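Protein sequence lines, in the order shown, are assigned to chains A and B. Start counting the first sequence at 53; every next residue gets the next number (the numbering used here). Start counting the second sequence at 933; every next residue gets the next number (the numbering used here). The C-beta atom is built at its ideal place from N, Cα and C for all residues, glycine as well. All of these numbers come straight from a predicted model, not from anything done at the bench. Here the structure is laid out as structure tokens; the discussion comes afterwards.
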Amino acid sequence: MCPDRQLISLYKDGELPSPWKEKLESHLGSCQECTHILGTYSQVSAFLKHQQPDQDKVDVAQRNIWKNISQSMPRLDRSEPKYRWKHPVVLPLPAAIAAIVLVALFASLVTPFILQQGTANTQSVAKINSEVPGIIPVSDMKGLLQYLENQTATADIVIIKLPETSSFIPSGQPELIRAVDYQGRR
Amino acid sequence: MLFNTGTPMSMADFRRLYDSTFPVLFRVAYRIVGTEDAAEDLCQDAFFRLYERNLRFPNLDEAKYWLIRVVKNAALNYAKRKERERRAYQRAFREDVRKPETGESEYIAGETKQEVQEALQKLPETMRTVLVLKEYGELNYKEIGRILGISEGNVKVRVFRAREQLAALIGKDGAHVS
């Protein structure tokens, strides 16, 4: 029994899968009718192939068109699109003027507040500075000692390490003191 | 990977695509429109469109399918327009302005060849396109299905029916072809 003609068409195009392909091949070896059908399909293909343009013409067309394309496309190696926005933003002139006027108006209204705020900050800084005592509020030595005592109670303890050797070079006030002592003895 | 979805096509990729695809495109276009000049124009337009749209494809095959689809559609539109013009001309001047044949076949006698040529043009567009892609595009059923957006099974049926209609003319003197 002959297979469906569509299978022969598939076989002709190399699209018949493996088990069926071998079976059909063995059938074609013994069936003249199916062989003739396959031959007819091949004739159709052969005819259509003969209607093709010559390879030389294809090559010439390929070269010519590539020449045109390469001349018309100078920047094929583009890395980034030139414009990020696909469409340009079009703003009517009156609207643009109105926008500028609004911005200017807004700026004129807001600027004094900003400046005033800056002055207030300066004043407050000055006030703080004035409140910091630059002069110690004492009138006599007793008060000063009292003040220093209070300061030492709150201040950090500072340890000054003196040199361990006693070989001081006498200079300045000690010399004067020694001179006074000497005169006193005399 | 030749083509990446995140990067534009380089000059080297474009050239590789052109070299590998042009012969197929030209043959398909020529088969449909019938003249070399028109086929050249259609192929060139397709590559320009690919460039202008800055399209990106996952691989070379997908770019090739896109180009074949574009050329096939443009060629069919061109052929339809030319056919309308030919009919209008024929009606106006009552002349036979049938397109002269191109190519020679040693297989079939001249009369039968003319009949097959006409039969090919008379095939429904869906069947003719599939057969043209098969015979001139040298594509398999799966690829044709991808290009036309139809199933592989549908391609099988269309190729078979188109082939049958043409084979009927060729084998009309034999007893084997229905």
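- Of all residues in the segment 89-111 of chain A, the ones placed with a Cβ closer than 7 Å to any Cβ belonging to chain B are Ile89, Thr92, Tyr93, Gln95, Val96, Ser97, Ala98, Phe99, Leu100, Lys101, His102, Gln103, Gln104, Pro105, Lys109, Val110, in chain order.
- Interface annotation, Ala1007 (chain B): not in contact with chain A, CB-CB separation never under 8 Å.
- Residue burial annotation: Glu74 (chain A) is exposed, with fewer than 16 other C-beta atoms found within 10 angstroms of its C-beta.
- At least one CB atom of chain B sits nearer than 8 Å to the CB of Gln58 (chain A).
- With a cutoff of 8 Å on beta-carbon distance, Val1062 (chain B) and Ile1076 (chain B) are scored as near each other.
- Rounded to the nearest whole angstrom, the C-alpha separation of Asp56 (chain A) and Val1064 (chain B) is 23 Å.
- Counting other Cβ atoms within 10 Å of its Cβ, Ile1000 (chain B) reaches 16 or more and is therefore classed as buried.
- Contact of Leu62 (chain A) with chain B by beta-carbon distance below 7 Å involves Lys1088.
- For Lys1012 (chain B), the closest alpha carbon among the candidates B:Val965, B:Ala961, B:Phe954 is that of B:Val965.
- Closer than 9 Å at the C-beta level to chain A, one finds these residues of the segment 950-972 of chain B: Tyr950, Asp951, Phe954, Pro955, Phe958, Arg959, Tyr962, Arg963, Glu968, Ala971, Glu972.
- When C-alpha distances from Leu957 (chain B) are compared across A:Ile152, A:Val155, A:Asn202, A:Gln114, the shortest belongs to A:Gln114.
- Between Tyr1073 (chain B) and Glu67 (chain A), the C-beta gap is smaller than 8 Å, which places the two residues in contact.
- Residue B:Tyr1068 holds the alpha-carbon nearest to the alpha-carbon of Lys1004 (chain B) among B:Ala1020, B:Asn1086, B:Tyr1068, B:Leu1055.
- A contact between stretches requires three or more CB pairs, one per stretch, nearer than 8 Å, and the segment 117-124 of chain A fails this requirement with the segment 88-99 of chain A.
- Close to chain B, meaning a Cβ-Cβ distance shorter than 8 Å, are the following residues of the segment 111-123 of chain A: Ala113, Gln114, Asn116, Ile117, Trp118, Asn120, Ile121.
- Among the CB atoms of chain A, one or more fall inside 8 Å of the CB of Val1091 (chain B).
- When the alpha-carbon of Glu1057 (chain B) is set against those of B:Ala1094, B:Ala978, B:Glu1084, the nearest one is in B:Ala1094.
- Counting other Cβ atoms within 10 Å of its Cβ, Thr953 (chain B) reaches 16 or more and is therefore classed as buried.
- Chain order gives the chain B residues near Glu67 (chain A) as Asn1072, Tyr1073, Lys1088, where near means a beta carbon separation below 8 Å.
- Here Glu1096 (chain B) is buried, its C-beta having at least 16 other C-beta atoms within 10 Å.
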